[in-house]
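Just so we're aligned: 207 in this note's numbering is position 163 of the sequence shown, and the numbers increase by one with no gaps anywhere.
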Amino acid sequence: MRKLLFLIVLIAHTSLLFAQESTMSDPEITSFKAMVNKTSKTMITIQSNFTQYKHMDFLSNDITTKGKMAFKAPDMVKWEYTDPFKYSIIFKEDQLLINDSGTKSNMDLGNNMLFKKLNQLIVNSIKGNLFQDSDFTMSYFKDPKYFKVIFIPKDEKIKAYIASFILFFNKEQADVMEVKMVEPTNDYTRIVFTDRQINKPLDNEVFTN
45 MRKLLFLIVL IAHTSLLFAQ ESTMSDPEIT SFKAMVNKTS KTMITIQSNF TQYKHMDFLS
105 NDITTKGKMA FKAPDMVKWE YTDPFKYSII FKEDQLLIND SGTKSNMDLG NNMLFKKLNQ
165 LIVNSIKGNL FQDSDFTMSY FKDPKYFKVI FIPKDEKIKA YIASFILFFN KEQADVMEVK
225 MVEPTNDYTR IVFTDRQINK PLDNEVFTN
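Shown next, in the form of structure tokens:
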């Protein structure tokens, strides 16, 4: 009897959790997109801490790393991992600059359309402005605490790397608070942003290797 009661409570609790997230109506989608576009157009720089969770089915615990992210318009992005290791990746002018604990390397993305597209996805996901991209089908959801948009790529080459791209937006400013990238294997990476600073001075030297 106790097991039955526990099961009933668990089902009710789970149903309540799922019921909190619902599909947006067309007017809500229009209003939400206008809000995001207004926010993204004013973004010149973004600086933020982040925590990254890498989930792989064969591991019992997610791999957790922490670091800092910097963005400067139009397309410079730096991911600097600080814990538990030091590693940085910079996207800048069709260049990928890597610094692995002092070992530096560069990659030219200009001639690789796939990597160029992935770079564009990264930039636009940070700003939250992916809605004009015809390469995705999009689904819109809302929750009392956030808006959520699921982007599914149409391009088979991108699908080989990313099955879906999920952005979570806060409800106050409609800026991105979490990015989730799901792989074709259903492994995924979650990046949760904290302490975001918008349009604070940011020197170009931050984006040097």
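All C-beta atoms in this analysis are idealised placements derived from N, C-alpha and C, irrespective of residue type, glycine included.
{"Check": "Nearest to S169 (by Cα), restricted to the options D152, D144, F195", "Outcome": "F195"}
{"Check": "Cβ neighbour criterion (16 or more within 10 Å) applied to N163", "Outcome": "buried"}
{"Check": "Length at least 3, wholly inside the region 83-130: the beta strand (DSSP E) runs in chain order", "Outcome": "89-99, 107-116, 120-127"}
{"Check": "Reference T254, options A114, N214, K215, H99, closest by Cα", "Outcome": "Missing from the structure shown is residue 254; the chain here goes from 45 to 253 and no further."}
{"Check": "Euclidean distance between Cα positions of L174 and S145", "Outcome": "33 Å"}
{"Check": "C-alpha distance - D231 paired with P118, whole-angstrom precision", "Outcome": "31 Å"}
{"Check": "Closest by C-alpha distance to T229, when choosing among Y125, K98, I235, W123", "Outcome": "K98"}
{"Check": "For L140, three-class secondary structure by DSSP", "Outcome": "strand"}
{"Check": "Terminal residues of the beta strand (DSSP E) in which E222 lies", "Outcome": "220-226"}
{"Check": "Per-residue DSSP class, three states only, for T233", "Outcome": "strand"}
{"Check": "Exposed unless 16 or more other CB atoms sit within 10 angstroms - verdict on M151", "Outcome": "exposed"}
{"Check": "Spatially closest choice to K161 from D138, T181, K148, by CA coordinates", "Outcome": "D138"}
{"Check": "From I134, V167, N156, E222, residue whose alpha carbon lies closest to that of S149", "Outcome": "I134"}
{"Check": "9 Å Cβ cutoff met for F251 and K122", "Outcome": "yes"}
{"Check": "For L158 and T233, the rounded distance between their alpha carbons", "Outcome": "19 Å"}
{"Check": "When K77, T74, K110 are compared against D239, the one with the closest alpha-carbon", "Outcome": "K110"}
{"Check": "Inter-residue spacing [alpha-carbon to alpha-carbon] between K116 and F180", "Outcome": "25 Å"}
{"Check": "P197, buried or exposed, once every other Cβ within 10 Å from all chains shown has been counted against 16", "Outcome": "buried"}
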